[in-house]
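Top line first, the protein sequences correspond to chains A and B. Okay, so the first sequence: first residue is 1 according to our numbering, each after it adds one. Okay, so the second sequence: first residue is 234 according to our numbering, each after it adds one. Each residue gets a CB set at the ideal place from its N, CA and C atoms; glycine is no exception. The structure presented is a predicted model; accordingly, all values stated were derived computationally and were not measured.
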Amino acid sequence: MKKLKIVLITIILSFNSCIDEDIINDSVPEEVRIISSFTTLKVGEMATLEASFFNNIGEIEDNSFIWSSSNPSVLSIDATTSSISANVEGTAIITVKAIGKTGDLTDSQTIEVVADNSINIDTPKKGTFSKTTSYKAAGDFEITKTSNGIKIELASNYVADTSLPGFALFLTNNPNSLANALQIDAYDDADGAHYTGAFTYNIENVGLNDYKYLVQWCRPFSILTGKALIIDK
Amino acid sequence: MRQLHAIIVVAILLFTQKSQSQWTNGKGKAYYKLAAWSLVADQHYTNSGQIDPNATRGNFTMSFYGEYGLTDKLDIISYVPFFTRIYQNAQVSGITGNVLQEGESLNAFGDLDIGVRYLLYKKKNLSFSTTLKFGLPTGKNSGGSDGSYQTGDGEFNQLLTVDAGISYQLFQKPSYAKTFIGFNNRTQGFSDEFQYGFESGIKLFDKLWVLGRLHSVNSLQNGTLTAQNTQGSIFANNIEYVAVGGEAAYYITKKFGVTLNYTSAISGRIIYANPSISGGIFLDLK
Numbered sequence: 001m002k003k004l005k006i007v008l009i010t011i012i013l014s015f016n017s018c019i020d021e022d023i024i025n026d027s028v029p030e031e032v033r034i035i036s037s038f039t040t041l042k043v044g045e046m047a048t049l050e051a052s053f054f055n056n057i058g059e060i061e062d063n064s065f066i067w068s069s070s071n072p073s074v075l076s077i078d079a080t081t082s083s084i085s086a087n088v089e090g091t092a093i094i095t096v097k098a099i100g101k102t103g104d105l106t107d108s109q110t111i112e113v114v115a116d117n118s119i120n121i122d123t124p125k126k127g128t129f130s131k132t133t134s135y136k137a138a139g140d141f142e143i144t145k146t147s148n149g150i151k152i153e154l155a156s157n158y159v160a161d162t163s164l165p166g167f168a169l170f171l172t173n174n175p176n177s178l179a180n181a182l183q184i185d186a187y188d189d190a191d192g193a194h195y196t197g198a199f200t201y202n203i204e205n206v207g208l209n210d211y212k213y214l215v216q217w218c219r220p221f222s223i224l225t226g227k228a229l230i231i232d233k
Numbered sequence: 234m235r236q237l238h239a240i241i242v243v244a245i246l247l248f249t250q251k252s253q254s255q256w257t258n259g260k261g262k263a264y265y266k267l268a269a270w271s272l273v274a275d276q277h278y279t280n281s282g283q284i285d286p287n288a289t290r291g292n293f294t295m296s297f298y299g300e301y302g303l304t305d306k307l308d309i310i311s312y313v314p315f316f317t318r319i320y321q322n323a324q325v326s327g328i329t330g331n332v333l334q335e336g337e338s339l340n341a342f343g344d345l346d347i348g349v350r351y352l353l354y355k356k357k358n359l360s361f362s363t364t365l366k367f368g369l370p371t372g373k374n375s376g377g378s379d380g381s382y383q384t385g386d387g388e389f390n391q392l393l394t395v396d397a398g399i400s401y402q403l404f405q406k407p408s409y410a411k412t413f414i415g416f417n418n419r420t421q422g423f424s425d426e427f428q429y430g431f432e433s434g435i436k437l438f439d440k441l442w443v444l445g446r447l448h449s450v451n452s453l454q455n456g457t458l459t460a461q462n463t464q465g466s467i468f469a470n471n472i473e474y475v476a477v478g479g480e481a482a483y484y485i486t487k488k489f490g491v492t493l494n495y496t497s498a499i500s501g502r503i504i505y506a507n508p509s510i511s512g513g514i515f516l517d518l519k
């Protein structure tokens, strides 16, 4: 009987059934990004630009910014407060600089100063999905600003793999992690997930430049299956 | 993905419960086994048969398997997974060390199988039998924070097999070979399955059986469950695989022994791509 107990205990203990840790390589390049999305100003108008610093895991982190204008006579800017003044008609490139752990980081935005500000354009965004596993992921999309957020329009060639368990779609600044990601569609939300063809998502309280990627995930099993970089259209 | 676990437990583990099982035990004779089975998987075969990574998931199952001869030609069979633990590792940032997704686990009873085996024909060293097993949905078919921690598939299935085996001497050692084909009728929208398998073993040193197995499960693709209508439980349906394994069974006494098994899917669809191991003790009451 003693031998039997020893054999039993040995068998049970020899199997590892404890929750361990998977170490995820969630590193992304540091980035400074101009969040304000307007690209035109009326002569005489003033505005304040906003920027964010994203650290090496894509999280917003406090940092100091230094602003400059390529053409101060057209568009002048306070180097620290980012307050800009539209002086005369023309075009200027506004640049913001921050210092990250890897060195100087910059981002730029071209702003046109016009006599009549009736056309205030926020540059739309676009992207194309590519698959990151053997599961299907493809298709184009556009993102435009709305009165209270953004609108993501998936094109008719959009594809997410219908065999994926726990499919979900996210906006994120780090495609390797769902930390700080914004879920915009999922298999378990009220209307289920959209897998194929054209579809529109209206998302409130999100800016055009708040996120850098649109990603498809198999959420329960933490599998990134599709990734799209969001770029200017 | 629950059924990555459940199917392997029900199919592979049950399939590997006893060697030489094309032969019935005989009236009043029995075989009992208490086993622990473990699978830890960080990759899986996708629906297209390719291998992709996944968060590490594990399944640890303790089970009882029994065969008892009601008559010389009829056995009753039972597989009882009385403890099944499904778990997933925590996802931890390699940069910050912060937990990105908490680890999680679920402990529950698994899907129970009961059945009968009937000896159709036996002459000298050749034997034919048929086996009917009923898979009962006694496991938990939804669990955990997202419902994907499950110890059963929630469906009642009936697996009918025809088994053939032959015993012979190989290198003057007792040996055997057997094969089976089977049809698994599944319910609740699951696709039916065609299964087949081969097994061969040899007895060494008068106490040690060493054997190898192959088991293939093939979906008939006639179910209705998809990822879109099962809230993420697509891994329940249309699982296919070819698994190979080896096992050693050592008789410590004439009736009592220990077993160790290693099995891995060498190809498949919607099934984990890591090997499983199991160990157990058995009573062979002949």
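Contacts of residue i in chain B (Cβ-Cβ under 7 Å)
i                 : result
SER134 of chain A : THR279, SER281, GLN283 and ASP285
Residues that residue i contacts on chain A, provided the C-beta gap is smaller than 7 Å
i                 : result
LEU453 of chain B : Going along chain A, no residue has its Cβ under 7 Å from LEU453 of chain B, so there is no contact; the nearest lies around 17 Å.
THR329 of chain B : ILE57
C-alpha distance - residue i paired with residue j, whole-angstrom precision
i                 : j                 : result
ALA397 of chain B : LEU353 of chain B : 10 Å
GLU21 of chain A  : ASP275 of chain B : 12 Å
ALA476 of chain B : THR496 of chain B : 7 Å
ALA168 of chain A : ILE309 of chain B : 46 Å
GLY149 of chain A : GLN383 of chain B : 39 Å
LEU437 of chain B : GLY479 of chain B : 15 Å
ILE328 of chain B : LYS440 of chain B : 53 Å
PHE209 of chain B : TYR429 of chain B : Residue coverage of chain B in this structure runs from 234 to 519, which leaves residue 209 of chain B outside it and unanswerable.
ALA482 of chain B : VAL491 of chain B : 6 Å
TYR135 of chain A : THR459 of chain B : 15 Å
LYS355 of chain B : SER400 of chain B : 11 Å
GLY336 of chain B : LYS125 of chain A : 36 Å
GLN236 of chain B : LEU105 of chain A : Note that GLN236 of chain B scores a pLDDT of 39, beneath 50, so its modelled location is shaky and nothing firm can be said.
ASP305 of chain B : VAL395 of chain B : 18 Å
TYR474 of chain B : ARG502 of chain B : 6 Å
ASN390 of chain B : PHE361 of chain B : 23 Å
ILE84 of chain A  : SER52 of chain A  : 17 Å
MET46 of chain A  : ALA98 of chain A  : 23 Å
SER36 of chain A  : SER147 of chain A : 14 Å
PHE416 of chain B : ILE472 of chain B : 14 Å
ILE319 of chain B : THR80 of chain A  : 54 Å
ILE34 of chain A  : ARG219 of chain A : 30 Å
THR257 of chain B : THR279 of chain B : 38 Å
ALA76 of chain A  : ASN87 of chain A  : Reading the sequence as shown, one finds Ser at residue 76 of chain A and not Ala. Using only the alpha carbons, I get a separation of about 7 Å.
Boundaries (first-last residue) of the beta strand (DSSP E) holding residue i
i                 : result
PRO286 of chain B : 284-302
ASP439 of chain B : From DSSP, ASP439 of chain B is part of no beta strand (DSSP E); its letter is neither H nor E.
GLN324 of chain B : 323-326
LYS406 of chain B : 406-418
GLY100 of chain A : 90-100
SER360 of chain B : 359-369
GLN421 of chain B : GLN421 of chain B -> no beta strand (DSSP E), and no H or E assigned at all.
ALA21 of chain A  : The residue asked about is misnamed: residue 21 of chain A is Glu in this sequence, not Ala. Where GLU21 of chain A is concerned, the enclosing beta strand (DSSP E) stretches over 21-24.
TRP270 of chain B : 263-278
THR133 of chain A : Where THR133 of chain A is concerned, there is no enclosing beta strand (DSSP E), given that its DSSP letter is neither H nor E.
CYS218 of chain A : 213-218
GLY501 of chain B : 489-502
Listed by chain order, chain A residues near residue i by CB distance under 8 Å
i                 : result
SER338 of chain B : ILE19
THR289 of chain B : ASP20 and ASP22
GLN334 of chain B : LEU178 and SER222
CB contact below 8 Å: residue i versus chain B
i                 : result
SER163 of chain A : yes
ASN63 of chain A  : no
ALA86 of chain A  : no
ASN56 of chain A  : yes
LEU178 of chain A : yes
PRO29 of chain A  : no
ASP26 of chain A  : yes
CB contact check: residue i to chain A, cutoff 8 Å
i                 : result
ASP517 of chain B : no
SER326 of chain B : yes
GLN276 of chain B : no
THR459 of chain B : yes
PRO508 of chain B : no
Interface partners of residue i on chain A, CB under 9 Å
i                 : result
ASN322 of chain B : ILE19, ASP20, GLU21 and ASP22
> Mind pulling the beta strand (DSSP E) runs of 3 or more residues that sit fully within the region 53-82 of chain A?
Replying inline: With a minimum length of 3 residues, the continuous beta strand (DSSP E) runs that stay inside the region 53-82 of chain A are 66-69 and 75-77.
> Of all the beta strand (DSSP E) runs that stay within the bounds of the region 167-209 of chain A, which reach a length of 3 or more residues?
Replying inline: Within the region 167-209 of chain A, the complete beta strand (DSSP E) runs of at least 3 residues are 167-172, 182-186 and 199-204.
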